[in-house]
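The block underneath contains the structure these notes are about, expressed in structure tokens.
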Amino acid sequence: MTCRHFLCSLYMIIGLIFLSATHAGAEPSGTLVIYHAGSLTVPLQAMTKEFQARYPDVKIRTKAGGSTKMARLISETGEQTDIMASADYVVIDKNLIPDFASWNIQFASNQIVLCYTKTSRMAETINQDNWYEILQNKNVIWGHSDPDLDPCGYRSLMVLQLAEKFYAKNGLYAACMQNRPPENVRPKAKELVALLKHGEMDYAFEYLSVAVQHNLEYIALDRHINLGDVAMDNFYRQARVTVTGKKTGTTLERVGKSITYGVTLLDKAPNREAAEAFLSYLLDPAGGLEVLKKMGQPPFIPARTRATMFPRLPETFRDQVVAQ
């Protein structure tokens, strides 16, 4: 080998090493797309600011709505996203795994409360003991989100079913529902917040975190019915709501259980590098989980997944999750 050939080969090797090192140390960049439950809108706005302060080359685009609706936009209409965060981890299991995603991380809880404002009818008399009677008052306007599109919707109905059992009031569920016309069922919980604040609705079931983030008045419900206590899961299972299935004309039954949020990275995520970096931040007790805690939503520290899914997690954040 001549000296010239040796030097050329040496330069090529050095160049390849340099390029590999540069690539290995490259920061995430490009557009990161996140579909998420409407109840995560406010905390995700805060998380986005923190994350982009760390990774300024990443542009984050979010799309919010009922978790079931968002999952179906992926599974049924083919919309492309990197991350899906659901207010009910079961939505990911039922709609995205195994065809669109391979694992599901449970990262936070919540509870259902009855929201209102100081100008709501009977606001001065409602309390933890009579709230279900007030929802039956013909002068009161109350509503909830769509059970077919939003977990908060079917959870609202579960609360009423459980209240009938817990308070031993036969007919409570039917009486409340008779006083809730179809037009008071809205696709997004966000619409209910606006109606409450504008005085067009008196009461609406929401997540505690949403009530806190939007400075709403609320009635905290007993732990037997608020779906916020994992120790009450046996009691919660008495509640059942039928909703539309994945395919047109089909239905499935939602069974009561404590509220658990789930998140996944889509198998065909267009920007996997940025998505993994964001999920690592989200699952950090000093990062995204701290944001949730500050905004009235208890995080799971550490986050958890099923033992069968744990080996499929990216190494980027596997050590931030425990198998159960």
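In mature numbering (1 follows the signal peptide of the UniProt record, and there is no 0), the protein residues as written are -26 to -1, 1 to 298. Note that the Cβ used here is the ideal one computed from N, Cα and C, for glycine as well.
Query - Residues that residue 39 bridges to, as DSSP identifies them - result: 11
Query - Top-ranked residue by Cα proximity to residue 299, from 9, 31, 13 - result: This structure leaves residue 299 out entirely; the chain is present only between -26 and 298.
Query raised in the report: Skipping 5 residues on each side, what residues in its chain have a beta carbon closer than 7 Å to that of residue 154?
Result: 116, 117
Query raised in the report: Is residue 94 near residue 203, with beta carbons less than 7 Å apart?
Result: no
Query raised in the report: If you draw a straight line from the alpha carbon of residue 106 to that of residue 133, how long is it in whole angstroms?
Result: In this structure, the straight-line span from the alpha carbon of residue 106 to that of residue 133 is close to 10 Å.
Query - Sheet register partners of residue 173 (DSSP bridge) - result: Residue 173 pairs with nothing; no bridge assigned.
Query - Assigned secondary structure, residue 156 (DSSP; H/G/I helix, E/B strand, else coil) - result: helix
Requested in this report: Report the option in 150, 201, 199, 178 whose CA atom is closest to the CA atom of residue 192.
Outcome: 178
Query - residue 201 vs residue 86 beta-carbon contact at 7 Å - result: yes
Report task. Quick one: residues in its chain with C-beta nearer than 8 Å to the C-beta of residue 28, no 5 flanking neighbours on either side, listed in chain order? Result -> 255
Requested in this report: Select from 276, 64, 257 the residue whose C-alpha is nearest the C-alpha of residue 290.
Outcome: The shortest C-alpha separation from residue 290 is found at 257.
Query raised in the report: Residues bridged to residue 300 by DSSP?
Result: The chain is shown only over -26 to 298; residue 300 falls outside these bounds and no answer can be derived.
Report task. Assign residue 245 to buried or exposed, taking buried as 16 or more other Cβ atoms, counted over all protein chains shown, within 10 Å of its Cβ. Result -> buried
Query raised in the report: So which of 55, 196, 23, 125 has the shortest CA-CA distance to residue 104?
Result: Considering only alpha carbons, the answer is 196.
Query - Pairwise C-alpha distance: residue 26 and residue 275 - result: 23 Å
Query raised in the report: Out of curiosity, what's the CA-to-CA distance linking residue 294 and residue 163?
Result: 31 Å
Query raised in the report: Looking at C-beta atoms only, is the number of pairs between the segment 230 to 245 and the segment 137 to 144 that lie closer than 8 Å three or more?
Result: The segment 230 to 245 is not in contact with the segment 137 to 144.
Query raised in the report: Taking buried to mean at least 16 other C-beta atoms within 10 Å of its own C-beta, is residue 78 buried or exposed?
Result: buried
Query - Member of 264, 47, 296 whose CA lies at the smallest distance from the CA of residue 278 - result: 296
Query - Segment limits, beta strand (DSSP E) that includes residue 183 - result: Where residue 183 is concerned, there is no enclosing beta strand (DSSP E), although the alpha helix (DSSP H) it sits in stretches over 182 to 187.
Query raised in the report: Among the residues of its own chain, which have a CB less than 8 Å from the CB of residue 112, if the five just before and after it don't count?
Result: 153
Requested in this report: For the alpha helix (DSSP H) holding residue 212, just list the boundary residues, first then last.
Outcome: No alpha helix (DSSP H) contains residue 212, which DSSP labels as neither H nor E.
Report task. Could you work out which residue in 91, 292, 180, 10 is closest to residue 129 when comparing CA atoms only? Result -> Of 91, 292, 180, 10, the residue nearest in Cα terms is 180.
Query - Every unbroken alpha helix (DSSP H) within the segment 55 to 121, with a cutoff of 4 residues, ordered by chain - result: 63 to 69, 105 to 108
Requested in this report: Taking all protein chains shown into account, decide if residue 298 is buried (16 or more other Cβ within 10 angstroms of its Cβ) or exposed.
Outcome: Residue 298 sits exposed, since fewer than 16 C-beta atoms from the chains shown fall within 10 Å of its C-beta.
Query raised in the report: If residue 10 and residue 36 are in contact, beta carbons under 8 Å, what's the gap, nearest whole angstrom?
Result: Indeed, because the Cβ distance is near 6 Å, the residues count as touching under 8 Å.
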